[in-house]
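Student: Just add 302 to wherever you are in the sequence shown, counting from 1, and you've got the working numbering.
Note that beta-carbon positions come from the ideal geometry of N, C-alpha and C, so glycine has one too.
Being a predicted model, the structure only gives us computed values, none of them experimental.
Have a look at this one.
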Amino acid sequence: MNIFRSIANFLKKKSTAAYDGAGHGRRVANWYPSNSSINSLLASNLETLRARSRDKVRKNPYALNAIEAIVSNCIGTGIKPQSKAKNAEFRKKIQELWLKWTDEADAAETCDFYGLQALVLRSVIESGECFVRIKVDKNNALVPLRLQVLEADHLDASKDYPLQNGNVVKTGIEFDKKGRRVAYYLYKEHPGDSQSVNLDSVRIPAHEILHIYRPLRPGQIRGEPWLSNVLLKLHELDQYEDAELVRKKTAAMFAAFVTRLDPETPMFGKQEDVGGGVVASDLEPGTMQFLDPGEDIKFSSPADVGGTYEAFIKQQLRAISVGLGITYEQLTGDLSGVNYSSIRAGLLEFRRRCTALQHNLMVYQFCRPIWNKFIELAVLNGALDIPQDPTFPLVKWIPQGFSWVDPLKEQTAQMNAVRIGFKSRAEVVSELGYDVEEIDAEIASDNARAKKMGLDFDTIPTNLQEKNINDDAEIDE
303 MNIFRSIANF
313 LKKKSTAAYD
323 GAGHGRRVAN
333 WYPSNSSINS
343 LLASNLETLR
353 ARSRDKVRKN
363 PYALNAIEAI
373 VSNCIGTGIK
383 PQSKAKNAEF
393 RKKIQELWLK
403 WTDEADAAET
413 CDFYGLQALV
423 LRSVIESGEC
433 FVRIKVDKNN
443 ALVPLRLQVL
453 EADHLDASKD
463 YPLQNGNVVK
473 TGIEFDKKGR
483 RVAYYLYKEH
493 PGDSQSVNLD
503 SVRIPAHEIL
513 HIYRPLRPGQ
523 IRGEPWLSNV
533 LLKLHELDQY
543 EDAELVRKKT
553 AAMFAAFVTR
563 LDPETPMFGK
573 QEDVGGGVVA
583 SDLEPGTMQF
593 LDPGEDIKFS
603 SPADVGGTYE
613 AFIKQQLRAI
623 SVGLGITYEQ
633 LTGDLSGVNY
643 SSIRAGLLEF
653 RRRCTALQHN
663 LMVYQFCRPI
673 WNKFIELAVL
683 NGALDIPQDP
693 TFPLVKWIPQ
703 GFSWVDPLKE
713 QTAQMNAVRI
723 GFKSRAEVVS
733 ELGYDVEEID
743 AEIASDNARA
753 KKMGLDFDTI
763 PTNLQEKNIN
773 DDAEIDE
């Protein structure tokens with residue numbers, strides 16, 4: 303018996319996993335996760351995820367509002383460049399040239415460059431990825447650069463095979479032996495367009511295509527829609543709310559139920575048949591109606607959804623907001639349960655995510671290569687002269703500044719940080735979304751104009767100094 307007991311204990315120890323999540327007991331009996339690569343998972347599921355994501359954005363107000371919240375906070379009025387070239391004249395010229403080109407950036411002529419930023423990010427969130435084709439338009443005398451934004455559907459994912467030259471095509475993207483992108487196979491027309499007649503894909507060199515997406519795992523080559531992990535919850539929440547709405551609507555259609563002995567005897571005086579088996583009684587305010595023996599009226603009392611309905615909906619929406627990386631208040635617009643500290647804490651975390659998206663996604667994948675191409679074509683086209691300065695292509699991208707509920711506290715904190723040397727004034731201006739050189743030029747222009755016209759404002763530092771000197775002199779006298 304001791305031998306059998308020892309064997310049983312040994313087998314029991316062997317079957318116990320070191321981690322609960324790696325166990326094989328009853329609690330995880332139906333848990334069979336896939337260990338496939340991210341590219342294999344997306345290759346078989348991306349089209350369905352993309353279609354369902356777009357469907358929810360079209361039909362569900364929460365999904366649409368979540369995307370608008372991310373885009374408006376990450377892009378706003380645009381992520382704008384500030385040239386870091388040392389030559390002041392060159393910086394001024396390149397900024398003026400860029401400003402003129404932004405209105406001509408869109409090949410479809412529907413947005414300026416900053417509108418394209420919002421369009422690209424919105425497409426990345428909704429579809430998982432977006433393609434931008436860089437076109438050289440020789441008809442433009444200024445800078446021959448045009449940008450064509452293409453949806454993810456333009457990529458011919460059916461192209462998936464090795465090539466004789468050693469390259470390999472994976473879901474429409476061609477890679478060389480070192481894993482570098484060589485080309486993209488894109489449809490000339492959107493394959494979902496009912497008027498599409500040419501569905502042959504064309505091989506386009508990789509240097510003409512920008513592929514914008516958020517990589518979540520090493521080696522990932524396609525983008526995953528950002529709503530993927532909340533799609534089912536959004537869908538079922540829609541069904542639940544629709545069911546509750548229909549139930550209440552159906553119950554509210556019944557006002558009262560009348561029971562009478564003689565079906566031929568009219569009740570409540572004169573009646574009118576309005577059709578559909580519905581009879582309207584002619585009642586007036588203050589009416590006292592006597593019923594015959596055996597007749598009774600029962601008024602409809604539709605069951606309420608109960609006190610847990612609102613709490614349940616809020617909990618589901620909180621889970622959705624977490625999955626999307628935004629606050630519950632941004633998702634729903636419900637500010638009833640917040641105070642200054644809680645909303646500020648939530649916004650700080652959200653804005654950290656926005657800052658990461660601005661620099662790691664939009665600036666690196668979209669803005670940076672376009673700026674480099676802009677400089678190259680501007681020089682080749684004669685719009686810019688190359689200065690004797692190797693720093694002339696350097697640029698700093700400045701997103702739109704974030705506003706706060708209590709700007710006075712924020713401005714006071716920024717002022718103190720500058721005074722004690724923790725920040726530069728240029729950095730503070732950049733955080734507000736402005737170019738410090740433009741701000742300084744505007745201030746100097748305002749001050750000069752005010753002085754010329756004899757205007758006296760407390761906002762002009764020189765006037766404040768003169769006032770203090772005059773006030774001190776008057777006190778001494």
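On the DSSP bridge list, what partners appear for E476?
Tutor: Position 174 of the sequence shown, counted from the start, is the residue given in the question as residue 476. V471 and A485.
Student: Expressed to the nearest angstrom, what Euclidean distance is found between the alpha-carbon atoms of Y642 and D636?
Tutor: Taking the first residue of the sequence shown as 1, we reach residue 642 at position 340. Taking the first residue of the sequence shown as 1, we reach residue 636 at position 334. So the two alpha carbons sit approximately 14 Å from each other.
Student: Taking 8 Å as the threshold, find out whether the stretch 700-713 comes into contact with the stretch 726-736 through three or more Cβ pairs.
Tutor: With a cut-off of 8 Å, the stretch 726-736 and the stretch 700-713 count as touching, because enough Cβ pairs lie within range.
Student: Drop a sphere of 10 angstroms on the beta-carbon of I777, count the other beta-carbons inside from all chains shown, and report buried for 16 or more, exposed for fewer.
Tutor: As a position in the sequence shown, residue 777 is number 475, starting the count at 1. Note on I777: pLDDT 45, under 50, position unreliable in the model; the coordinate value appears next. Under this definition I777 is an exposed residue.
Student: According to the Cβ coordinates, are L529 and S355 closer than 7 Å?
Tutor: For the purposes of this step, residue 529 is identified with residue 227 of the sequence shown, where counting begins at 1. For the purposes of this step, residue 355 is identified with residue 53 of the sequence shown, where counting begins at 1. A contact, by the Cβ cut-off of 7 Å.
Student: Give the single residue among Q667, L659 and L534 whose Cα lies nearest to the Cα of V434.
Tutor: As a position in the sequence shown, residue 434 is number 132, starting the count at 1. The shortest Cα separation from V434 among Q667, L659 and L534 belongs to Q667.
Student: Which term fits L696, buried or exposed, when burial requires 16 or more other beta carbons within 10 angstroms of its beta carbon?
Tutor: Locating residue 696 in the sequence shown gives position 394, where the first residue counts as 1. Label assigned to L696: exposed.
Student: Indicate the three-state DSSP secondary structure (helix, strand or coil) for A775 in the structure shown.
Tutor: Taking the first residue of the sequence shown as position 1, residue 775 is located at position 473. Confidence at A775 is low in this model, with a pLDDT of 47, below 50, so its placement is unreliable and the value that follows should be read with caution. Looking at A775 - three-state DSSP - the assignment turns out to be helix.
Student: So I377 and A409 are in contact, right, with Cβ under 8 Å, and what is the actual spacing, rounded?
Tutor: On the sequence shown, position 75 is the one that residue 377 refers to. On the sequence shown, position 107 is the one that residue 409 refers to. That belief does not hold up - the Cβ atoms of I377 and A409 are roughly 19 Å apart, past 8 Å.
Student: Can you find at least 3 beta carbon pairs, one from the stretch 490-503 and one from the stretch 454-464, that sit closer than 8 Å?
Tutor: They touch, by the three-pair rule.
Student: Below 8 Å on the Cβ atoms is my guess for D455 versus G430; work out the distance and round it to an integer in Å.
Tutor: As a working mapping, residue 455 is identified with position 153 in the sequence shown. As a working mapping, residue 430 is identified with position 128 in the sequence shown. Actually they do not touch by this definition, with Cβ atoms about 11 Å apart.
Student: Who pairs with Y463 in a beta bridge, going by DSSP?
Tutor: The residue labelled residue 463 in the question sits at position 161 within the sequence shown. In DSSP, Y463 forms a bridge with V471.
Student: Check the C-beta distance from I628 over to A368 and give it rounded, since I have them as a contact under 8 Å.
Tutor: Against the sequence shown, residue 628 aligns to sequence position 326. Against the sequence shown, residue 368 aligns to sequence position 66. Between A368 and I628 the Cβ distance is about 6 Å, and since that is below 8 Å, they are a contact.
Student: Flag G474 as yes if its beta-carbon sits less than 7 Å from any beta-carbon of chain D, otherwise no.
Tutor: Although the question refers to chain D, the structure presented lacks it and comprises just one protein chain.
Student: Would you mind working out which of L663, V730 and A750 sits nearest I381, comparing C-alpha positions?
Tutor: In the sequence shown, the residue the question calls residue 381 occupies position 79. Nearest of L663, V730 and A750 to I381, Cα basis: L663.
Student: Let me know the secondary structure DSSP gives K711 once reduced to three states.
Tutor: Residue numbering aside, residue 711 sits at position 409 when the sequence shown is read from its first letter. K711: helix per DSSP, three-state reduction.
Student: Which residues mark the beginning and the end of the beta strand (DSSP E) in which C432 is found?
Tutor: Start at 1 with the first residue of the sequence shown, and residue 432 comes out as number 130. Element bounds for C432: E431 to V438.
Student: Please check the pair L449 and A685, which I expect to be a contact at CB under 8 Å, by giving their CB distance rounded to whole angstroms.
Tutor: As a working note, residue 449 is residue 147 in the sequence shown. As a working note, residue 685 is residue 383 in the sequence shown. Their Cβ separation, rounded to whole angstroms, is 17 Å, which puts L449 and A685 out of contact at 8 Å.
Student: If we count Cβ pairs, one from each stretch, closer than 8 Å, do we get three or more for the stretch 329-349 versus the stretch 508-526?
Tutor: These segments touch.
Student: Would you mind working out which of E712, I615, P383 and E510 sits nearest E538, comparing C-alpha positions?
Tutor: Locating residue 538 in the sequence shown gives position 236, counting from the first residue. When each option's Cα is compared against that of E538, the closest is I615.
Student: Identify the residues that DSSP records as bridge partners of Y515: which are they?
Tutor: Here residue 515 is taken as the residue at index 213 of the sequence shown, counted from 1. Answer by DSSP bridge pairing, in chain order: E431.
Student: What's the call for A775, buried or exposed, on a 16-neighbour Cβ count within 10 Å?
Tutor: Residue numbering aside, residue 775 sits at position 473 when the sequence shown is read from its first letter. Below a pLDDT of 50, predicted positions are generally treated as unreliable, and A775, at 47, falls in that range; the measurement from the model is reported next regardless. Classification for A775: exposed.
Student: Expressed to the nearest angstrom, what Euclidean distance is found between the alpha-carbon atoms of L766 and D758?
Tutor: Against the sequence shown, residue 766 aligns to sequence position 464. Against the sequence shown, residue 758 aligns to sequence position 456. Low per-residue confidence applies at L766: pLDDT is 48, beneath 50, and the placement is therefore not dependable, though the value from the model is reported in the following sentence. So the two alpha carbons sit approximately 10 Å from each other.
Student: Under a Cβ-count criterion, where at least 16 other Cβ atoms within 10 Å of its own Cβ denotes burial, should P383 be classed as buried or exposed?
Tutor: Numbered from its first residue, the sequence shown carries residue 383 at position 81. The residue in question, P383, is buried, as its Cβ has 16 or more Cβ neighbours within 10 Å.
Student: Grab the span of the alpha helix (DSSP H) containing P671 for me, first residue to last.
Tutor: Position 369 of the sequence shown, counted from the first residue, corresponds to residue 671. Its alpha helix (DSSP H) spans residues R670 to L682.
Student: Looking only at C-alpha atoms, which of A407, D414, G648 and F415 sits nearest to K437?
Tutor: Indexing the sequence shown from 1 puts residue 437 at position 135. It is A407 whose Cα lies nearest to the Cα of K437.
Student: So which of L633, A715, P709 and F477 has the shortest CA-CA distance to N362?
Tutor: Indexing the sequence shown from 1 puts residue 362 at position 60. Checked all of L633, A715, P709 and F477; the closest Cα to N362 is L633.
Student: Give me whichever residues DSSP pairs with P507 in a beta bridge.
Tutor: Taking the first residue of the sequence shown as position 1, residue 507 is located at position 205. DSSP output for P507 lists A485 as bridge partner(s).
Student: When you compare only the Cα positions, how much space is there between L679 and Y486?
Tutor: Your numbering for residue 679 matches position 377 in the sequence shown. Your numbering for residue 486 matches position 184 in the sequence shown. If you take the alpha carbons of L679 and Y486, they lie about 23 Å apart.
Student: Buried or exposed for E612, please, with buried defined as at least 16 other CB atoms from any protein chain shown within 10 angstroms of its CB.
Tutor: Taking the first residue of the sequence shown as position 1, residue 612 is located at position 310. Answer is exposed; the Cβ neighbour count stays below 16.
Student: Taking only the alpha-carbon atoms, compute the straight-line gap between K535 and N389 and give it to the nearest angstrom.
Tutor: Along the sequence shown, read from residue 1 onward, the residue named residue 535 stands at position 233. Along the sequence shown, read from residue 1 onward, the residue named residue 389 stands at position 87. Roughly 55 Å between the two C-alpha positions.
Student: So, helix, strand or coil for L766, using DSSP?
Tutor: On the sequence shown, position 464 is the one that residue 766 refers to. Its pLDDT being 48, under 50, L766 is placed unreliably in this model, and the value from its coordinates should be taken loosely. DSSP places L766 in helix when its eight states are reduced to three.
Student: Return the bridge partner residues of I688 from the DSSP annotation.
Tutor: Mapped onto the sequence shown, residue 688 falls at position 386. Answer is none; I688 lacks a bridge partner.
Student: If you follow the alpha helix (DSSP H) that K551 is in, where does it begin and where does it stop?
Tutor: Position 249 of the sequence shown holds residue 551. Taken as a continuous stretch (DSSP letters only), the alpha helix (DSSP H) holding K551 covers L533 to A554.
Student: Are the beta-carbon atoms belonging to A345 and T473 less than 7 Å from one another?
Tutor: In the sequence shown, counting from the first residue as 1, residue 345 sits at position 43. In the sequence shown, counting from the first residue as 1, residue 473 sits at position 171. Yes.
Student: Hey, quick one: how far does the beta strand (DSSP E) through K394 stretch, first residue to last?
Tutor: The count along the sequence shown starts at 1 and reaches residue 394 at position 92. From DSSP, K394 is part of no beta strand (DSSP E) but of the alpha helix (DSSP H) over A390 to T404.
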